[in-house]
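Protein chains in written order, with the numbering used here: chain W, 1347 to 1620; chain E, 5 to 304; chain A, 183 to 622. Note sheet for the following structure.
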């Protein structure tokens, strides 16, 4: 009994140290967001939140259209996640549950594409959107990565867990392929969709380089792009920057908190037994 | 129930050509079209660009010139070396920590798992623009919190971002901070997939926890570990945000990664031909390393 | 199934064609004839301007109200974008045939050639629109750097960075050093030794290759010769390197890492001087108000007695991308923002941006004593050096070479690489990187 107690405390102790390391910077961000810029740079550094929050918020909303940026980021991320989940789970389903010509080649080229640094393909991509006259539009940010190989891969892993016999039975009952997918396959995928959704949301919420290049007016900026404009050649107002940073981090934490229950089981199809 | 099957029947009637034979193509079509348009086309375009050099505003075909130049470029080798150092030092440390945390979080003794899970995963969902702002201040040599802690326990200040060695260390710390939780979650998912009866059987045989770890957990987790290794290899070769925001690749290129070098050539010096050549060399490296990793695991 | 493959193939080809056509359709504009209407009210339309930090504030808050009184029918949107981001977006835009570019964009002097050498038609020829008439209103060193090979002005000069030695009056006084007696770099080093002995700190700090460039330009030389060949190991380069080596050997110089580090070093009194451009004043006023009265400047020390005591660091210009839909409105805005004297003065007083427009130097602000700067006519002292700034060649490959030399400076200061070796290694590496010849 005693040894279990000791073990338990040791376990908690080491995990708490880990939590401090992993969340410490965020605490410090809150400190910065509630203190004036000068204090952020003082030595010894401030470690207690101050009462400068309102001032920083006022400065921030004067410097960048923070509400609009928040709206743009949210709109883009939500539409992207929904579209991508649909497209990727359809593809993942096809790879997992059908044998068809070309399936291996297509699947491996999806995976191979993950290896190419995106910086190399930005210019041709930009040319496409320029030719279509889609620069500075929401779909310019949403479209390119809807087909997200990592998501297809994860969903395929999960879909493999759906017993073939179930699908066959539905077919014998006369169900069409489309409705088998939507009414049978997809509903069992909820944990997986939650997990993949988190990956997709995170990816799009933090996407920086592409929206920076393709969005040309400040009313279309997403949060990371808007934040980056705060740091110019000259001095930076760290208080307001920290607050902007906090605003960009909070929504994603909320999304993660909401979905995290399904998260772990959804990654590798833990809930579905073959 | 009857209702559903009726609906289904009408569906089938309308789309009579959707059979189990054609269905996979229909399912894959949207992804494939998007892939061709927004991934394959840019890849082909940049691949062609890698055989061209630019002068006076026009690109001309120049065969393997860019690739030849690459192999005589000392900064390319430096960037490649930095990338490999991170691959060899940072990836194992990170995956070890991730595995440790995953095993802890999988322990039956533990409550508050949700809290720990969220805490450790949070850095991975933070944008690097945000994280780097925080770390630049924390690591600042003169007024950063970390040096303050060091000096208050009687140690010397460290030039975290201005010394070549420490800048690499900083980069490794920040990368580990950001990605450990990510890998932990994947490993945790893998741990939960290991059938419990394996452990129970071992317990009956009187195996120690350490024995169980090495003889059940590790072998069972191998495919997932491999998956993490491959992902991290890709991630390391594409490491850009962290050095870009944290150190700008300095001092004296000590934290210049290969993808950062690609970026510089393209976006700073407008040599997209050369930048593309670097991209395809990166792909070759990732492909070889991934293949090796698969090979090692298989042979074992 | 075959059909499916065929269809997707066709769709793919279509896209490729679309993209290719898009690229071609944008290379017109050579023959267009533009005239600027006599009556300001006849200029109409919307234009977008990209600029960063202080210049963006200047254009939006100082220029725009005055501009709109003269040109009421032009609607201007100033987008504040970070400096790196401006270049990323401009390079993406130019690389894909001009999509998504604004009507006016801020470009640094040393960047302009790197754009025009890669994209010869990137920016509108301002001379053709009538900017010729303003040419001699600007400092020679500035305007020369903004012309293309045919002598046409392709970007309108905005601010200038005349260099002097900004110094702490109190520290030098305490050490018994008289700045008026510092005439050469050797004098400067001797003064530095005295000060460092007194304070135990440093005499100056640097965060890159800026000082090396300043010292080379001071001698009328640069990383490139007039033909654009690499000229780093020139006599001027070697002179500068030996001074830098001496500074380092005597522990006068410290590496400050980046902008923030340099600011902190000045604010905390870690350095007593800063051989730097006049635009430092803006940052000093804003970030070090407590040091009011303690700063002043003396002219850059010469390499030999009676030698040039002027140089330049930085400064930017406004350019009109060739793809602009409203060049007339873009031109009048650019012209106004760069030649209106009152606006230039606002830029100086509100933002610390020093005008390249020499007519502005007649304004009272220049001759006025500045309380912050030791009650001296601080700006006049810088203005006096402007005509002596030697024009140099900012080649298209400047950025690559600066990036190489920045690393070399770090190797010199942090890893004890000898300064002379820093030059030769840098030149070799720059040649390798840029494929350029070196001057014999």
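Built from N, CA and C at the ideal position, the CB exists for glycine as well. A quick note: this is a predicted structure, and the numbers were derived from the prediction, not measured.
- Using a Cβ-Cβ cut-off of 8 Å, residue 1466(W) counts as an interface residue toward chain E, since at least one Cβ of chain E sits closer than that to its own.
- Beyond the five residues adjoining it in sequence on each side, residue 1555(W) comes within less than 8 Å, by CB distance, of 1464, 1465, 1468 in the same chain, given in chain order.
- Taking a beta-carbon distance threshold of 8 Å, residue 263(E) counts as an interface residue toward chain W.
- With the criterion set as a beta carbon lying under 9 Å from some beta carbon of chain W, the segment 344-355 of chain A has no members that meet it.
- Membership of residue 181(E) in the alpha helix (DSSP H) is indicated by the continuous run 168-196.
- For residue 93(E), no beta strand (DSSP E) run applies; the uninterrupted alpha helix (DSSP H) run containing it begins and ends at 78-110, by DSSP.
- For the segment 96-111 of chain E, the residues whose beta carbon sits under 7 Å from a beta carbon of chain W are, in order, 105, 108, 111.
- Among the residues of the segment 1405-1420 of chain W, those with a Cβ less than 9 Å away from any Cβ of chain A are 1409, 1410, in the order of the chain.
- Residue-level contact check: residue 273(A) touches chain E, since one or more beta carbons of chain E fall below 8 Å from its beta carbon.
- Taking CB atoms only, residue 1561(W) has no neighbour in chain E less than 8 Å away.
- For the options 244(A), 237(A), 571(A), the alpha carbon positioned closest to that of residue 262(A) is the one of 237(A).
- When secondary structure is reduced to three states using DSSP, residue 1425(W) falls in the helix class.
- Residue 409(A) sits exposed, since fewer than 16 C-beta atoms from the chains shown fall within 10 Å of its C-beta.
- About 6 Å separates the beta carbon of residue 240(E) from that of residue 95(E), a gap short enough to meet the 8 Å contact definition.
- The Cβ atoms of residue 525(A) and residue 318(A) do not sit closer than 8 Å to each other.
- The beta-carbon of residue 165(E) is placed less than 8 Å from the nearest beta-carbon of chain A.
- Of all residues in the segment 1468-1480 of chain W, only 1468, 1469, 1470, 1472, 1473, 1474, 1475, 1476, 1477, 1478 place a beta-carbon less than 8 Å from a beta-carbon of chain A.
- Linking residue 1595(W) to residue 140(E) through their CA atoms gives a straight-line distance of about 17 Å.
- Here the segment 324-331 of chain A makes no contact with the segment 348-365 of chain A; the two share fewer than three CB pairs at distances below 8 Å.
- Within the segment 54-88 of chain E, those residues whose Cβ lies closer than 9 Å to any Cβ of chain W are, in chain order, 54.
- Within the same chain, and ignoring the five residues on either side of residue 180(E) in sequence, the residues whose Cβ sits closer than 8 Å to its Cβ are 94, 97, 98, 101.
- Nearest to residue 455(A) by C-alpha distance, out of 435(A), 224(A), 468(A), is 435(A).
- Note: residue 384(A) is bridge-paired with 453(A) in the DSSP secondary-structure output.
- Look at residue 599(A) here: in three-state DSSP terms it is coil, with no helix or strand label.
- Boundaries of the beta strand (DSSP E) harbouring residue 498(A): 498-501, taken from the DSSP string.
- Along the segment 124-152 of chain E, the positions whose C-beta sits under 7 Å from a C-beta of chain A are 146, read in chain order.
- The beta carbons of residue 608(A) and residue 582(A) sit no closer together than 8 Å.
- At a beta-carbon threshold of 9 Å, the residues of chain W lying near residue 230(A) are 1562, 1563, ordered along the chain.
- The C-beta of residue 1551(W) has 16 or more other C-beta atoms within 10 Å across all chains shown, which makes the residue buried.
- The criterion of a C-beta distance shorter than 8 Å is satisfied by residue 494(A) and residue 323(A).
- Taking 8 Å as the CB threshold, residue 386(A) stays off the interface with chain E.
- Note on geometry: alpha-carbon atoms of residue 1450(W) and residue 306(A) lie some 51 Å from one another.
- Comparing C-alpha distances from residue 262(E) to each of 23(E), 53(E), 78(E), 69(E) shows the shortest one belongs to 78(E).
- For residue 592(A), the chain E residues whose Cβ falls inside 7 Å of its Cβ are 254, 255, 256, in order along the chain.
- Not one beta carbon of chain A lies nearer than 8 Å to the beta carbon of residue 1449(W).
- By the Cβ neighbour-count rule, residue 164(E) is buried, with 16 or more other Cβ atoms within 10 Å of its own.
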